[in-house]
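I have placed the structure first, in the form of structure tokens, so that the comments after it can refer back to it.
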Amino acid sequence: MPYTSHADLGGRLGFGPVVQAAEGTVFHADWESRVLALTLAMGATGCWNIDMARAARETLPDYLDLSYYEIWLGGLERLLVAKGLVTAEELAAGHAPHPPQPFGRILMADQVPAKLAAGSDASRTPTTPARYRLGQRVVTRAAPVDHHTRLPTYLRGRTGLIDRIHGCHVFADSHAQGVGEDPQWLYTVVFEARELWGSEATPGHRVSFDAWQPYLEAV
Amino acid sequence: MAHEHEHSDHGDHTDHSELTEVERRVRALETVLTQKGYVDPAALDVLIDTYQTKIGPRNGARVVARAWVDPAYRDRLLRDATAAIAELGYTGRQGEHMIALQNAAGRHNIVVCTLCSCYPWPVLGLPPVWYKSAPYRSRVVRDPRGMLREFGVTLPAETEIRVWDSNAEVRYLVIPERPAGTDDLDEAALSALVTRDSMIGTGLARTPTES
């Protein structure tokens with residue numbers, strides 16, 4: 010079955026007005042906070058990486074009908090079952106008769122502050138020089154791919170300029186597929202709005218995104 | 083089962099017979115993961131408390147206020163935001179690779195993640211619902227002026243607008259312009275003028291008379 014992301018929303022029309030919210034409300038129900046914590050705690054076990062988690066969420070068939078923490082819940086349930094850590098029957102019953110599977114490391118309460126403060130550095134030491142230089146014109150890959158990617162559809166096949174060079178970072182496309190970190194040079198590429206939206210673009214509007222080197226070709 | 087959460091803010095205070103479907107699923111999930119020994123229930127409480135009471139947009143407001151009063155700090159922030167933000171004690175998850183974007187007369191920056199909800203947690207906390215929502219993610223890259231108008235912000239026609247789609251692991255913090263008439267305010271008073279939205283770029287810092 011082809012890989013389909015339902016999360017690739019940039020430039021799409023018809024989603025209506027933004028519903029704003031005052032600063033200060035973090036969760037709208039207790040269950041949302043539990044989903045956040047369960048997701049972070051299971052992520053810390055190392056049973057999957059952040060790109061696999063994004064892939065699990067964005068391919069939920071009913072993604073656009075779900076609230077954000079419902080998406081996180083669905084993604085977490087999927088990953089757990091796919092990795093064999095729990096069964097769908099256990100989730101339905103709310104009870105775990107089967108013994109645990111071998112897994113990475115449990116995140117204990119006293120480890121949480123240090124774990125969050127350390128984060129997860131995505132940068133890696135380069136082994137090759139960067140192919141592109143600041144100010145160089147590049148064009149993004151036009152063809153869709155049949156796996157998780159961080160090249161949004163609205164930016165495919167567009168010409169822009171290399172605006173920043175961030176060093177080498179873990180390549181999300183490879184990482185999500187479980188084929189290793191595959192570090193690649195990461196750039197910020199900036200586009201004139203006219204290149205993206207044609208005559209409806211307003212002057213002085215530019216859009217940029219962060220592109221791993223495999224997304225780009227020299228013009 | 084979409085949007086059931088809107089009717090279910092009783093959470094743990096509800097008895098089981100009144101649980102919504104999504105609450106039942108979450109409770110089942112937590113029970114299974116705890117019984118398996120995959121999660122430490124006390125760790126879950128620490129995680130929640132961290133993002134409810136310790137890590138939020140007041141962190142970023144302190145960074146901005148420091149940048150307003152201390153030009154040397156501002157220069158460090160613009161050169162290496164990750165290190166400069168760490169000077170104030172804010173580091174880690176979803177802020178490992180920070181870039182500070184300075185708004186100024188004629189130049190306005192706005193941040194989005196069109197693919198999910200990437201957001202600089204150590205300085206802004208967890209993102210608001212609208213930031214994660216389809217309307218914002220779809221439209222801000224295409225019609226930023228229209229989006230700003232929805233947020234009550236009208237910029238001069240000649241102001242250049244740059245929208246940053248933060249789709250990789252680099253995270254962006256907007257440094258809003260310091261409002262006029264704040265010369266005699268100290269750093270703490272200035273930080274109170276720095277709103278969450280002004281650090282995303284969908285708002286401006288408040289003036290002293292607005293706050």
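Top to bottom, those sequences are chains A and B.
The numbering of the first sequence is my numbering, which starts it at 10 and goes up by one.
The numbering of the second sequence is my numbering, which starts it at 83 and goes up by one.
Every residue gets a Cβ at the ideal spot worked out from N, C-alpha and C, and that includes glycine.
All figures in this text were calculated on a predicted structure; none of them were measured in a lab.
Status (buried if at least 16 other CB within 10 Å, exposed otherwise) for residue i
i	result
residue 136 of chain B	exposed
residue 76 of chain A	buried
residue 34 of chain A	exposed
residue 273 of chain B	buried
residue 277 of chain B	buried
residue 119 of chain B	exposed
residue 28 of chain A	exposed
residue 99 of chain A	buried
residue 43 of chain A	buried
residue 104 of chain A	exposed
residue 207 of chain B	buried
residue 280 of chain B	buried
residue 208 of chain A	exposed
residue 289 of chain B	exposed
residue 41 of chain A	buried
residue 142 of chain A	exposed
residue 107 of chain A	exposed
Spatial distance of residue i from residue j (CA atoms)
i	j	result
residue 204 of chain A	residue 167 of chain A	7 Å
residue 91 of chain A	residue 116 of chain B	18 Å
residue 180 of chain B	residue 245 of chain B	16 Å
residue 221 of chain A	residue 173 of chain A	12 Å
residue 156 of chain A	residue 67 of chain A	11 Å
residue 86 of chain B	residue 104 of chain B	Confidence at residue 86 of chain B is low in this model, with a pLDDT of 40, below 50, so the placement of that residue is unreliable and no value is reported for it.
residue 145 of chain A	residue 218 of chain A	15 Å
residue 119 of chain A	residue 54 of chain A	15 Å
residue 170 of chain B	residue 36 of chain A	26 Å
residue 163 of chain A	residue 13 of chain A	15 Å
residue 87 of chain A	residue 259 of chain B	44 Å
residue 242 of chain B	residue 167 of chain B	26 Å
residue 102 of chain A	residue 101 of chain B	15 Å
residue 51 of chain A	residue 109 of chain A	14 Å
residue 158 of chain A	residue 129 of chain B	29 Å
residue 23 of chain A	residue 183 of chain A	32 Å
residue 226 of chain A	residue 231 of chain B	36 Å
residue 215 of chain A	residue 115 of chain A	44 Å
residue 164 of chain B	residue 38 of chain A	32 Å
residue 224 of chain A	residue 160 of chain A	7 Å
residue 56 of chain A	residue 117 of chain A	16 Å
residue 137 of chain A	residue 189 of chain B	35 Å
residue 60 of chain A	residue 85 of chain A	13 Å
Residues sharing a beta bridge with residue i, DSSP
i	result
residue 24 of chain A	DSSP, once it has assigned bridges, lists no residue as partnering residue 24 of chain A.
residue 201 of chain A	A:215
residue 177 of chain A	A:133, A:194
residue 221 of chain A	A:195
residue 283 of chain B	According to DSSP, residue 283 of chain B bridges with nothing at all.
residue 226 of chain A	A:148
residue 191 of chain B	B:244
residue 170 of chain A	A:146, A:199
residue 167 of chain B	Bridge partners of residue 167 of chain B: none, in fact.
residue 255 of chain B	B:182
heavy atom of the ligand ATP below 6 Å from residue i C-beta
i	result
residue 88 of chain A	For the ligand ATP, the structure offers nothing, since it holds no ligand at all.
Scan the segment 254-281 of chain B for residues whose Cβ lies nearer than 7 Å to a Cβ of chain A and list them as they occur along the chain. 277, 278
Proximal residues, the segment 56-73 of chain A versus chain B, C-beta separation under 9 Å: 56, 59, 63, 66, 67, 71, 73
Beta carbons nearer than 7 Å to chain B: which residues of the segment 115-127 of chain A have them? 115, 116, 117, 118, 121, 125, 126, 127
Any C-beta of chain A within less than 9 Å: which residues of the segment 238-249 of chain B qualify? 239, 240, 241, 242, 243, 244, 245, 246, 247, 248, 249
Using a Cβ cut-off of 9 Å, which residues of the segment 185-219 of chain A contact any Cβ in chain B, in chain order? 195, 197, 199, 202, 205, 206, 209, 210, 211, 212, 213, 214, 215, 216, 217, 218, 219
Could you list the residues in the segment 136-156 of chain B with a C-beta less than 7 Å from some C-beta on chain A, going in chain order? 139
Just by C-beta distance, which residues in the segment 110-127 of chain B are closer than 9 Å to chain A? 110, 111, 112, 113, 114, 115, 116, 117, 118, 119, 120, 121, 122, 123, 124, 125, 126, 127
Could you name each continuous beta strand (DSSP E) segment of 3 residues or more that falls completely within the segment 194-249 of chain B, going from the start of the chain to the end? 242-247
Which parts of the segment 108-151 of chain B are runs of the beta strand (DSSP E), unbroken and 3 residues or longer, counting only runs that do not cross its ends? none
In the segment 43-111 of chain A, which residue ranges form an unbroken alpha helix (DSSP H) of at least 4 residues, counting only runs that do not cross its ends? 59-67, 77-91, 97-102
Closer than 9 Å, Cβ to any Cβ of chain A: which residues of the segment 190-208 of chain B, in chain order? 194, 196, 197, 198, 199, 203, 204, 207, 208
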